[in-house]
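What follows is a set of notes on a single structure, which appears directly below.
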DNA sequence: GCCGCTGCGAATGTATACAGTCGCAGCGTT
DNA sequence: AACGCTGCGACTGTATACATTCGCAGCGGC
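Residue numbers (the UniProt record's numbering), protein chains in the order written: chain A, 1 to 215; chain B, 1 to 215.
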């Protein structure tokens, strides 16, 4: 699975690039996605681009208004509340299986990601990518294909809003400390601790984002 | 939202038709999806068909092997266990909001669906569609856009496997009775009862499917 | 007889071209 | 001055056509 030589048709490549752009703030919620312009920027034709856009639409990252174009999805306050509820229902639940599936080299990889992230300082885009990879790699350890797929979608959906509001140094430090705590829980194979840290981490993000989000 | 005059580009129509086919057993897991053949059958060209297929792929209903075609996704036993875990985490949680959002006419609509389903007897395809609509309409009452999206995906994913094994008259009766119990819980605005019935319903489906699924 | 190479066929991937729809500016009417 | 109508422009939706890749059958060499 890890080394699956995924032959790469350009739809998938484009979808990845767009997801990354949305995640790291290159494409903000609400941005109109004009097909010809985007296709020119990415140097592909409209057909594979449209396929990628339909993929992202199914993931909730893009909204399609038939005959009127597509745009990066915007989440209402209710959506964001819903999103964090979902995260709280899905993510802590995996703690046991994560610990069970975690090997020494996984701990090291995660520690490295967490440290790289701390080093990024206030580079929001850089942090966003590392943050995503950190969480994704943790949840991969649970070996639950469908859960991972859904959590992955949630992480992408939330990222533009996390990015938007997480700026203060204090908040950055809290996040980095919680990541370090997760790594520590993994190192000691302490599933219950991991679960508690995940809950605190998600609740912290939720409270921080909701306190600042309008509506 | 209910009366959103959704202008209908053919990608979406095609995606709906394919989803329905997968749900009611017209397209079984593993079926190879040859684009030209499918396009001819549906009387559309390959471009909108491909867009629809990419949508379903993002929903997990179809798998794409680049340069080698697409096929209806097959779930392993582990996937199915994961799927029911997810259902148990997401669906009962909505009971409170469902009851809060439920109006008299909703109760009637659901009662009607449940009764139509009972009348279908052993018509598996007919029951599958009604079953899907019944659950979908219940969860719509919670007014949680993202949760609904995910649950919708789960219901579509599980349906081919529910259909496959739910055949005995006894099992059909159990399902119909549980649906009736849900309607009754809604009528009396009993959120706690609804939650318990949902749990029992999903657990019942899980046990029945897993007991018969190979692997 | 087994392994590897070659070429054909089938299906996917992509581009170009055309058709259809929406929205807005500008004119004309009342 | 406000309203509606009309035509243009921009963009999306779809089809046709071409390029590319993969798999397998059949042949040849070892």
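Idealized CB from N, CA, C, for every residue including glycine.
Every value quoted in this text rests on a predicted model; they were computed, and no experiment measured them.
Those residues which DSSP pairs with residue i across a bridge
{"i": "residue 32 of chain A", "result": "A/71"}
{"i": "residue 64 of chain A", "result": "A/70"}
Cutoff 7 Å: residue i Cβ touching any chain A Cβ
{"i": "residue 199 of chain B", "result": "no"}
{"i": "residue 152 of chain B", "result": "no"}
{"i": "residue 2 of chain B", "result": "Reliability fails at residue 2 of chain B, whose pLDDT of 27 lies under 50, so the model's placement of it is uncertain and no value is given."}
{"i": "residue 214 of chain B", "result": "no"}
Any chain B beta carbon closer than 7 Å to residue i
{"i": "residue 5 of chain A", "result": "With a pLDDT of 39 at residue 5 of chain A, under the threshold of 50, the modelled position of that residue is not reliable, and the figure given next carries that caveat. Residue 5 of chain A does not count as touching chain B."}
{"i": "residue 66 of chain A", "result": "yes"}
{"i": "residue 96 of chain A", "result": "no"}
{"i": "residue 144 of chain A", "result": "yes"}
{"i": "residue 79 of chain A", "result": "yes"}
{"i": "residue 194 of chain A", "result": "no"}
{"i": "residue 101 of chain A", "result": "no"}
Proximity of residue i and residue j at Cβ, strictly below 7 Å
{"i": "residue 187 of chain A", "j": "residue 107 of chain A", "result": "yes"}
{"i": "residue 43 of chain A", "j": "residue 129 of chain A", "result": "no"}
{"i": "residue 213 of chain A", "j": "residue 77 of chain A", "result": "yes"}
{"i": "residue 146 of chain B", "j": "residue 177 of chain A", "result": "no"}
{"i": "residue 181 of chain A", "j": "residue 197 of chain A", "result": "yes"}
{"i": "residue 95 of chain A", "j": "residue 195 of chain A", "result": "yes"}
{"i": "residue 11 of chain A", "j": "residue 51 of chain A", "result": "yes"}
{"i": "residue 73 of chain A", "j": "residue 63 of chain A", "result": "yes"}
{"i": "residue 49 of chain A", "j": "residue 39 of chain A", "result": "yes"}
{"i": "residue 35 of chain B", "j": "residue 46 of chain B", "result": "yes"}
{"i": "residue 216 of chain B", "j": "residue 101 of chain B", "result": "This structure leaves residue 216 of chain B out entirely; chain B is present only between 1 and 215."}
{"i": "residue 114 of chain A", "j": "residue 179 of chain A", "result": "yes"}
{"i": "residue 135 of chain B", "j": "residue 154 of chain B", "result": "no"}
{"i": "residue 209 of chain B", "j": "residue 165 of chain B", "result": "yes"}
{"i": "residue 105 of chain A", "j": "residue 117 of chain A", "result": "no"}
{"i": "residue 66 of chain A", "j": "residue 9 of chain B", "result": "yes"}
Under 7 Å by beta carbon: chain B residues contacting residue i
{"i": "residue 50 of chain A", "result": "51"}
{"i": "residue 147 of chain A", "result": "82 and 86"}
{"i": "residue 47 of chain A", "result": "47"}
Cross-chain neighbours of residue i in chain A, by beta carbon under 8 Å
{"i": "residue 54 of chain B", "result": "11, 51, 52, 54, 55 and 58"}
{"i": "residue 20 of chain B", "result": "Chain A residues near residue 20 of chain B: none, gap ~16 Å exceeds 8 Å."}
Contact list for residue i against chain A, beta-carbon separation under 7 Å
{"i": "residue 93 of chain B", "result": "89"}
{"i": "residue 8 of chain B", "result": "66"}
Proximal chain B residues relative to residue i, where beta-carbon distance stays under 8 Å
{"i": "residue 190 of chain A", "result": "Neighbours of residue 190 of chain A on chain B: none; closest Cβ ~22 Å, over 8 Å."}
Residue i: CB within 6 Å of a non-hydrogen atom of the ligand SAH
{"i": "residue 169 of chain A", "result": "The model on display carries no ligand, and the ligand SAH is accordingly not part of it."}
The stretch 54-66 of chain B contacting the stretch 102-116 of chain B, beta-carbon criterion three pairs below 8 Å
no
Given 8 Å, three or more beta-carbon pairs between the stretch 169-189 of chain A and the stretch 28-36 of chain A
no
On the three-pair Cβ rule with 8 Å, is the stretch 78-96 of chain A touching the stretch 138-152 of chain A?
yes
If you pair each beta-carbon of the stretch 152-162 of chain A with each one of the stretch 189-197 of chain A, do three or more pairs fall below 8 Å?
no
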